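For reference, the structure discussed in these notes is given below.
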Amino acid sequence: MNVKLQSYLWIAQRASAAVLALCVCVHLATLIYAVQGGLSAAEILGRTRGNTGWFAFYTLFVLAVTVHAPIGLRSIFSEWLGWRAASRDVVLALFGASIAVMGMRAVFAVFA
Amino acid sequence: MSVVRVSVWKGAAKGAFQDFEVPRHPSQTVLDVVTYIQRALDPTLAYRFACRVGMCGSCAMMVNGVPRWTCRTHIDKVLENDSLRIEPLHNLPVIRDLVTDMTVFFDKWARARGRFHGRTNRRDEVARVRPDSENRKAADAGIECIGCGVCYSACEVVAWNPDYLGPAALNRAWTLAMDERDAANRERLRAVAGDAGCHACHTHLSCTERCPKQISPTAAIAGLKRAVAGAALRGEL
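Those protein sequences? They're chains A and B, same order as listed. With our numbering as the guide, the letters of the first sequence map in order to residues 1177 to 1288. With our numbering as the guide, the letters of the second sequence map in order to residues 548 to 784.
Okay, here's the thing in C-alpha cells:
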C-alpha cells in the first residue's frame, strides 16, 4: 500500500471518529430516553419503523464504524502482532464488509 | 564518605549488569559517575561522550529506566534508594556496554528528507525571513535538537514499529517544512507520510516529556500530519 493511500486511511479514520463522536452521543441519549418510560420492544419498533430520519442516522453510524474500526485494527495488528503483510489488509477489508452487512441488517430490521 | 551504588550494563545484546560503588560528591552528574567507573574501577567500560556541556548529544543513556543526557543530569535528581541503574539507550542496537549503534537513527533523518534544499545560489540575495512569521516561529521551536536520541529511545511506537522514522527525524523534517527557503517540501511530505511516518505517532508525548532541550516533537509531528493531510486532499502527495 503506498503512502498516499495510507494518508487517506488516516484522514478517513479521523473523519469517521468525528462522525462517531456525534453518533454515539445521540445514540446513548436516545437509548436513555427510550427506556425511561418502560417502553416494550414492540412499542419501540412501532415508533422506529418507517422513520426515514432515524434510518439515515443509523446508516451513517454503521458506515462510520465500517470505516473506523478496520483502520484502527490495522495499527493494532501491525504494532502488537507485527502483522504487516498484504493478508492483513484483505482480512480487514472482509472484517469491514461484515460490519457493514451486520450493521445494515440491524438498521433495516429496526427502521425500514 | 557516602557512596552511590551503580549497576552498569556490560556486554552487547547479551550481557549482564555489573555493580560498582562510586564516591558521592556535590553537583555530581551521571556522566561523572560513569567516567569515575571507567577511570578508577573498570577501564574496559565503553561509553560515549564529547562536550560534557549538553551541546553534542553523544552521552545519552538510560538512567533508572529513563533516557537522559547524562552530562547535564545531576544524580541527586535521579537516584532511587541511593542507587543508579545505567543502560544503553533503548530502541537502538548495542555495540558494547553503554555505546549504541546510532546508524539507523541518523539514516532515518535522511529518509525523512532532513536535509535543506535551497533554491538560490551564492550570487542571489540573502533571503529575508521574518523572525516573527508563524512558519519561522514553528521552525524555531524545533531547531535546537542536538540529535541525542533520547526521544527515539523513549518512543513506544519506535519499539513497536522498527520502520517508524521516530520523533527526531520527523521534528527535523517539520523545521525544514516550515523553512520558506526550502524547495523540497513536496518530496519531504511524501517521505514523512504513512505507516512509517508521522501517521504512526499515537501522541503518547514520551518524546516531548523526555527531550532534554524542551522541544516538542509531538507538536512537530502534529504539524506534519496536518500538512500531509492537506497535501493529500489537494492531490499533491
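Each residue gets a CB set at the ideal place from its N, CA and C atoms; glycine is no exception. Just so it is clear, the structure is predicted and the values come from calculations on it, not from any experiment.
- Under the Cβ distance rule, N708/B counts among the residues neighbouring chain A, one pair being separated by less than 8 Å.
- The beta carbons of H746/B and Q1182/A sit closer together than 8 Å.
- Annotation for G694/B: G604, A715 place their beta carbon closer than 7 Å to its own, counting only its chain and skipping 5 residues before and after.
- Of F567/B, T591/B, Y583/B, T620/B, the smallest CA-CA separation from S630/B is found for F567/B.
- Sequence-ordered contacts of the segment 565-593 of chain B with chain A are nonexistent [C-beta pairs closer than 7 Å].
- Between the segment 609-627 of chain B and the segment 577-586 of chain B, the count of C-beta pairs closer than 8 Å reaches three or more; the two stretches touch.
- Note on V1200/A: under 16 other CB atoms within 10 angstroms of its CB, so exposed under the neighbour-count rule.
- Of all residues in the segment 762-776 of chain B, those with a C-beta nearer than 8 Å to a C-beta of chain A are K772, V775, A776, reading in chain order.
- Under the DSSP definition of a beta bridge, L631/B partners with V553/B.
- Going by DSSP, G601/B is part of no beta strand (DSSP E) at all; its letter is neither H nor E.
- As DSSP reads the structure, W1230/A sits in no beta bridge.
- R615/B carries a strand assignment under DSSP once its states are collapsed to helix, strand and coil.
- For W1259/A, no chain B residue has a C-beta closer than 8 Å to its own C-beta; the minimum C-beta separation is roughly 12 Å.
- In the DSSP assignment, D566/B falls within the unbroken beta strand (DSSP E) covering 562-570.
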